[in-house]
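Undergrad: Residue 343 in my numbering sits at position 330 of the sequence shown; the count goes up by one each step and never skips.
Glycine included, every Cβ here is placed at the ideal spot set by N, Cα and C.
Predicted model only: the values in this text are computed from it and were never measured.
What follows is a structure written as structure tokens; I'll ask about it next.
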Amino acid sequence: MRAETITDTIPIAEGPVDDDNSRSAGRDSSRQRIRIGRSERSAVLSSPTLKWMSTVLDGHKAWIEFSVATVGSAGEPRTAWIEMAEGDSWREVYQTVVGSEWQTHRFELGGETQRDVEIAFRSAGPGEVAWAELYVTRARAQATPNLVLVIIDTLRSDHLSCYGYPLMTSPNLDRLASEGLLFVNSFSTSTWTLPSVATLLTGLLPDQHGLKSIDNSLSAKVETVAERLRDAGYRTAAFTDGGFLEPRWGFSQGFDRYDSTAGEAWQPKDVSVIEADASAWLRENRFSPFFLLVHTYETHQPYRFRSGYSEKFLGDEAAPPENDEILAWDLAGKPDDGDFLKRVLALYDGEIARADHHIGRLVETLREIGQYDNTAIVVTSDHGEEFLEHGGVEHGAGKVFNENIRVPLLIKLPAASRAGRVDTPVSGLDIAPTILQIAGLGQTDNQAGRSLLAPALSELVSRNVFAHGLNSFPQLNEERYRLDGGGRAVVFDRVRDRLSFFDLENDPGMRRAMGPTRLPAGDDLVERLQYILAWSSGRARYLVRLPADTTGLALTRESSVTSAVLWEGLTHRMLEIGARHRLSSEFPHAVAFDLEPSADSLRLELMNESTQRWEIHEIAIVGSPQPLAESRPIRRSLPQPLVVGLASRAHEALDLRIDAEAAEELRALGYLQ
Numbered sequence: 014m015r016a017e018t019i020t021d022t023i024p025i026a027e028g029p030v031d032d033d034n035s036r037s038a039g040r041d042s043s044r045q046r047i048r049i050g051r052s053e054r055s056a057v058l059s060s061p062t063l064k065w066m067s068t069v070l071d072g073h074k075a076w077i078e079f080s081v082a083t084v085g086s087a088g089e090p091r092t093a094w095i096e097m098a099e100g101d102s103w104r105e106v107y108q109t110v111v112g113s114e115w116q117t118h119r120f121e122l123g124g125e126t127q128r129d130v131e132i133a134f135r136s137a138g139p140g141e142v143a144w145a146e147l148y149v150t151r152a153r154a155q156a157t158p159n160l161v162l163v164i165i166d167t168l169r170s171d172h173l174s175c176y177g178y179p180l181m182t183s184p185n186l187d188r189l190a191s192e193g194l195l196f197v198n199s200f201s202t203s204t205w206t207l208p209s210v211a212t213l214l215t216g217l218l219p220d221q222h223g224l225k226s227i228d229n230s231l232s233a234k235v236e237t238v239a240e241r242l243r244d245a246g247y248r249t250a251a252f253t254d255g256g257f258l259e260p261r262w263g264f265s266q267g268f269d270r271y272d273s274t275a276g277e278a279w280q281p282k283d284v285s286v287i288e289a290d291a292s293a294w295l296r297e298n299r300f301s302p303f304f305l306l307v308h309t310y311e312t313h314q315p316y317r318f319r320s321g322y323s324e325k326f327l328g329d330e331a332a333p334p335e336n337d338e339i340l341a342w343d344l345a346g347k348p349d350d351g352d353f354l355k356r357v358l359a360l361y362d363g364e365i366a367r368a369d370h371h372i373g374r375l376v377e378t379l380r381e382i383g384q385y386d387n388t389a390i391v392v393t394s395d396h397g398e399e400f401l402e403h404g405g406v407e408h409g410a411g412k413v414f415n416e417n418i419r420v421p422l423l424i425k426l427p428a429a430s431r432a433g434r435v436d437t438p439v440s441g442l443d444i445a446p447t448i449l450q451i452a453g454l455g456q457t458d459n460q461a462g463r464s465l466l467a468p469a470l471s472e473l474v475s476r477n478v479f480a481h482g483l484n485s486f487p488q489l490n491e492e493r494y495r496l497d498g499g500g501r502a503v504v505f506d507r508v509r510d511r512l513s514f515f516d517l518e519n520d521p522g523m524r525r526a527m528g529p530t531r532l533p534a535g536d537d538l539v540e541r542l543q544y545i546l547a548w549s550s551g552r553a554r555y556l557v558r559l560p561a562d563t564t565g566l567a568l569t570r571e572s573s574v575t576s577a578v579l580w581e582g583l584t585h586r587m588l589e590i591g592a593r594h595r596l597s598s599e600f601p602h603a604v605a606f607d608l609e610p611s612a613d614s615l616r617l618e619l620m621n622e623s624t625q626r627w628e629i630h631e632i633a634i635v636g637s638p639q640p641l642a643e644s645r646p647i648r649r650s651l652p653q654p655l656v657v658g659l660a661s662r663a664h665e666a667l668d669l670r671i672d673a674e675a676a677e678e679l680r681a682l683g684y685l686q
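Below, the structure written as structure tokens:
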């Protein structure tokens, strides 16, 4: 009989987990990487006995955790058991039958443990037994919640069964949704991966974080959720599918480990590999608070046949060869072929089902290692996918219709503390602040989102949904903005200077544009969109909305302005100090500006439509700037222009008021408190 003694290679975790409570001082030569089934683990072979000498504190109940599987002899079952030394004899404390797949076990040693504990891992039968992930632990006290963020690229919410899709595409996500919060009306902030994922990881609008083009990368000055969590003591890791999540785009900021593609930058990994690697990391880091990011392109085009998943969606159709691919552009070439569209959707649904399967296995890993109850799991997507709903395919054209920006959002909280369906519209902006609140950290002043964990879900205030549509390749020059509110949506095509309104109550698919194609003065939805664009552009600290009857504007040389931008509807241009500008009445106008540090007022020269005379108006800025948490909107009785601080500040203006509805929109987006 062969016996091995492992002394320092097996981690020991005791009490509230931190680096001082996890010890590993060297590796035994008998330890090796063993692949069984889908998973490769660091393990030791025992045939038939493995001994382990450990130290456990006096007076504390202890548990043993381990993974085990048979090796050799065609995977025939073996009996394995664990004994603990008691004086000169051994007492059996656990027994199991071991099969050809990894099994994870956890049991209590019982009683008050001794200081020196000798444990024997024994087995009988053909072949050998692989013992992996051997731990002696005692329960955490007041455990810090773990965090897992899953991004399934290009996933429309209306193709998940938990969102009412008639086909069963997502049984594992359905189960997760039943144990947590399902946000029915969740929207991404952009139509493609780079800006959208940057928003998910920062809580900033695209114009704030600046990652809007393949020519950019996330600035090191922009703080990510991973950086905040790492600084708070979390272990952080990301397992991504490469492409636009390669480290060169800046998403690795704050991650202790950042795994991307296996080779070439645009060669995606298989979701099974990502899940296996992420699961292995979870097992290795189960004793410290962790933040795990998992991203997969499984549901992105090309749409592939996935054996075992696609067949049930293809129905009576012949299954294509394994890994047969259909590109989105193939569908674009057959816009009138209904059968081909059904085939594309069947393959898309099959890939959703496969992604769902592996996310389910990741969740099962959390259960196996005993961390499911203490882990918050957030599942979402960066954008959706068009299948000819508006005459196009894929998502790269910067269209901001629902098929491209309506995405799932599921949040399972620690200990399943809250569950239910939430109808209030929410945004990808809200995920970072929500994660930070779960971790007990506050959001930063410039984050445009808000935490979704109101004391009661009924207190989650409704707000306008904002989306920024961009093309992934700047040379194609597509850019659109969308804002919803009051049962309507406004879409502004910046390149074509075209505005479209949609009646969301009677036309939820946004198939019929209505209303004017130019920017109407006085339209509240357009003015709210103007405020958001002016604020997020970061060009100025203050905004003055000019009266609708203003036909001329000039900044006097005594204005104390250091820089100023004229917003004409939803476009803007720099203002030259001292020059007079004629204004068209068909636009709502605003001036975004900065003042000299000592200045307490702004001087404007305005022409009124009725008088056609130039008159000087002085706007007083009362008091010094206040931080976001202390600022309050100031409401005055006169229906005059709006003055609001842009960079998270609000100021009172002489004879002016904060427009109540506009202030509510800014407050709902996190700009004012």
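Considering only their Cβ atoms, is the gap separating F264 from L465 smaller than 9 Å?
TA: The sequence position of residue 465 within the sequence shown is 452, counting from 1. The sequence position of residue 264 within the sequence shown is 251, counting from 1. No, Cβ-Cβ distance for L465 and F264 is not below 9 Å.
Undergrad: Quick check on this structure: which residue in A82, Y310, R248 and P281 has the alpha carbon closest to the alpha carbon of R299?
TA: If you number the sequence shown from 1, residue 299 lands on position 286. Taking only the C-alpha atoms, the option nearest R299 is R248.
Undergrad: Taking its Cβ as the centre, do 16 or more other Cβ atoms sit within 10 Å of S430, making it buried, or is it exposed?
TA: Along the sequence shown, read from residue 1 onward, the residue named residue 430 stands at position 417. Its Cβ having fewer than 16 others within 10 Å, S430 is exposed.
Undergrad: From H481 to L218, what does the alpha carbon distance come to, in whole angstroms?
TA: Taking the sequence shown and counting its residues from 1, one reaches residue 481 at position 468. Taking the sequence shown and counting its residues from 1, one reaches residue 218 at position 205. Computed Cα separation, rounded: 9 Å.
Undergrad: Just how far apart, CA to CA, sit H370 and D510?
TA: Numbered from 1 along the sequence shown, position 357 holds the residue referred to as residue 370. Numbered from 1 along the sequence shown, position 497 holds the residue referred to as residue 510. Their Cα atoms are separated by approximately 45 Å.
Undergrad: Classify G499 as helix, strand or coil using the three-state DSSP reduction.
TA: The residue you call residue 499 lines up with position 486 of the sequence shown. Residue state, collapsed to three classes: coil.
Undergrad: Given 8 Å as the limit, is there contact between the segment 181-189 and the segment 300-308, that is, 3 or more CB pairs closer than that?
TA: They do not touch, by the three-pair rule.
Undergrad: Cα separation between D171 and N198?
TA: Reading the sequence shown from its first residue, position 158 is the one you call residue 171. Reading the sequence shown from its first residue, position 185 is the one you call residue 198. Going by the C-alpha atoms only, they are around 10 Å apart.
Undergrad: Kindly give me the distance between the Cβ atoms of S80 and W103, rounded to whole angstroms, as I take these residues to be in contact under 8 Å.
TA: Sequence index remark: in the sequence shown, residue 80 carries index 67 (1-based). Sequence index remark: in the sequence shown, residue 103 carries index 90 (1-based). Not quite, the Cβ-Cβ distance comes to about 23 Å (not below 8 Å), so this is no contact.
Undergrad: Does the separation of the CB atoms of I49 and S55 fall below 9 Å?
TA: For the purposes of this step, residue 49 is taken as residue 36 along the sequence shown, with counting starting at 1. For the purposes of this step, residue 55 is taken as residue 42 along the sequence shown, with counting starting at 1. No, Cβ-Cβ distance for I49 and S55 is not below 9 Å.
Undergrad: Rounded to the nearest angstrom, what separates F200 and V413 at their Cα positions?
TA: Mapped onto the sequence shown, residue 200 falls at position 187. Mapped onto the sequence shown, residue 413 falls at position 400. So the alpha carbons of these two residues sit roughly 10 Å apart.
Undergrad: Suppose contacts are defined by Cβ-Cβ distances below 9 Å. Is H403 in contact with M527 by that definition?
TA: As a working note, residue 403 is residue 390 in the sequence shown. As a working note, residue 527 is residue 514 in the sequence shown. No.
Undergrad: Taking the alpha helix (DSSP H) that L358 falls in, what are its first and last residues?
TA: Residue numbering aside, residue 358 sits at position 345 when the sequence shown is read from its first letter. Counting along the chain, the alpha helix (DSSP H) containing L358 begins and ends at G351 to E381.
Undergrad: So if DSSP puts G482 in a beta bridge, which residue, or which two residues, is it bridged to?
TA: Translated into the one-based positions of the sequence shown, residue 482 becomes position 469. R493.
Undergrad: Report the three-state DSSP secondary structure of P281 (helix, strand or coil).
TA: Mapped onto the sequence shown, residue 281 falls at position 268. Looking at P281 - three-state DSSP - the assignment turns out to be coil, as it is neither helix nor strand.
Undergrad: Please go through the same chain and pick out, in chain order, the residues whose beta-carbon is closer than 7 Å to the beta-carbon of A291, but skip the five residues on each side of it.
TA: Taking the first residue of the sequence shown as 1, we reach residue 291 at position 278. The answer, listed in chain order, is F252, L305, V307 and L375.
Undergrad: Residues bridged to N621 by DSSP?
TA: For the purposes of this step, residue 621 is taken as residue 608 along the sequence shown, with counting starting at 1. Answer is T563, bridged to N621.
Undergrad: Closer than 7 Å by C-beta to H585: which residues in its own chain qualify, once you throw out the five before and the five after it? Chain order, please.
TA: Position 572 of the sequence shown, counted from the first residue, corresponds to residue 585. So the qualifying residues of the chain are V578 and L579.
Undergrad: Bridge partners of L579, per DSSP?
TA: Here the question's residue 579 lines up with position 566 in the sequence shown. In DSSP, L579 forms a bridge with R586 and V604.
Undergrad: For a test of the three-state rule: what should DSSP assign to H308, helix, strand or coil?
TA: Walking along the sequence shown from the start, residue 308 turns up at place 295. Here H308 sits in strand by DSSP.
Undergrad: Would the segment 349-364 and the segment 320-328 be scored as touching if the rule is three or more Cβ pairs under 8 Å?
TA: Enough Cβ pairs lie closer than 8 Å, so yes.
Undergrad: At what residues does the beta strand (DSSP E) containing E711 begin and finish?
TA: A query on residue 711 cannot be resolved here, the shown segment of the chain reaching from 14 to 686 and no further.
Undergrad: Pick from S174, L483, M620 and P446: whose alpha carbon is nearest that of V238?
TA: Within the sequence shown, the letter at position 225 stands for residue 238. For the residues S174, L483, M620 and P446, the minimum Cα distance to V238 belongs to P446.
Undergrad: Taking three-plus beta-carbon pairs below 8 Å as touching, is the segment 202-218 in contact with the segment 226-241?
TA: In short, these stretches touch, since the Cβ pair count reaches three.
Undergrad: Could you check the C-alpha separation between T569 and V392 for me, to the nearest Å?
TA: Taking the first residue of the sequence shown as 1, we reach residue 569 at position 556. Taking the first residue of the sequence shown as 1, we reach residue 392 at position 379. Looking at the two C-alpha atoms, the distance is approximately 53 Å.
Undergrad: So the candidates are D613, G455 and R501; which of them puts its Cα closest to the Cα of E571?
TA: Counted from its first residue, the sequence shown places residue 571 at position 558. The shortest Cα separation from E571 among D613, G455 and R501 belongs to D613.
Undergrad: Near G500, what residues of its chain come up, given a Cβ to Cβ distance below 6 Å and the 5 sequence neighbours on each side ignored?
TA: Position 487 of the sequence shown holds residue 500. Once the five neighbours on either side are set aside, the close Cβ partners of G500 are L517 and E518.
Undergrad: So I165 packs on T388, CB below 8 Å; how close in whole Å?
TA: Start at 1 with the first residue of the sequence shown, and residue 165 comes out as number 152. Start at 1 with the first residue of the sequence shown, and residue 388 comes out as number 375. Actually they are not in contact, since the Cβ atoms of I165 and T388 sit about 18 Å apart, beyond 8 Å.
Undergrad: Can you give me the Cβ contacts of A567 inside the same chain, cut-off strictly under 6 Å, excluding the 5 residues immediately before and after it?
TA: As a first step, residue 567 must be located in the sequence shown, where it is residue number 554. The answer, listed in chain order, is R593 and E618.
Undergrad: S80 lies in the alpha helix (DSSP H); which residues open and close that run?
TA: Position 67 of the sequence shown, counting from 1, holds the residue named residue 80. Here S80 belongs to no alpha helix (DSSP H); instead the beta strand (DSSP E) covers W76 to V84.
Undergrad: Report, in whole angstroms, the separation of the C-beta atoms of E78 and A133, which I expect to be a contact under 8 Å.
TA: To locate residue 78, count along the sequence shown from 1; it is residue 65. To locate residue 133, count along the sequence shown from 1; it is residue 120. Contact flag wrong, Cβ pair sits at about 17 Å.
Undergrad: Suppose you measure from the CA of R616 to the CA of G246; what does that come to, to the nearest Å?
TA: Position 603 of the sequence shown, counted from the start, is the residue given in the question as residue 616. Position 233 of the sequence shown, counted from the start, is the residue given in the question as residue 246. Roughly 50 Å between the two C-alpha positions.
Undergrad: Do R188 and G373 have their C-beta atoms within less than 9 Å of each other?
TA: For the purposes of this step, residue 188 is taken as the residue at position 175 of the sequence shown. For the purposes of this step, residue 373 is taken as the residue at position 360 of the sequence shown. Closer than 9 Å, so yes.
Undergrad: When you compare each of G591, H602 and S576 to G582 by their alpha carbons, which one comes out closest?
TA: Here residue 582 refers to the residue found at position 569 of the sequence shown. Residue H602 is the option with its Cα nearest to G582.
Undergrad: Pull up the CB-CB distance for L449 and G441, whole angstroms please, since I reckon it's below 8 Å.
TA: On the sequence shown, position 436 is the one that residue 449 refers to. On the sequence shown, position 428 is the one that residue 441 refers to. No, L449 and G441 are not in contact; Cβ-Cβ is about 15 Å, not under 8 Å.
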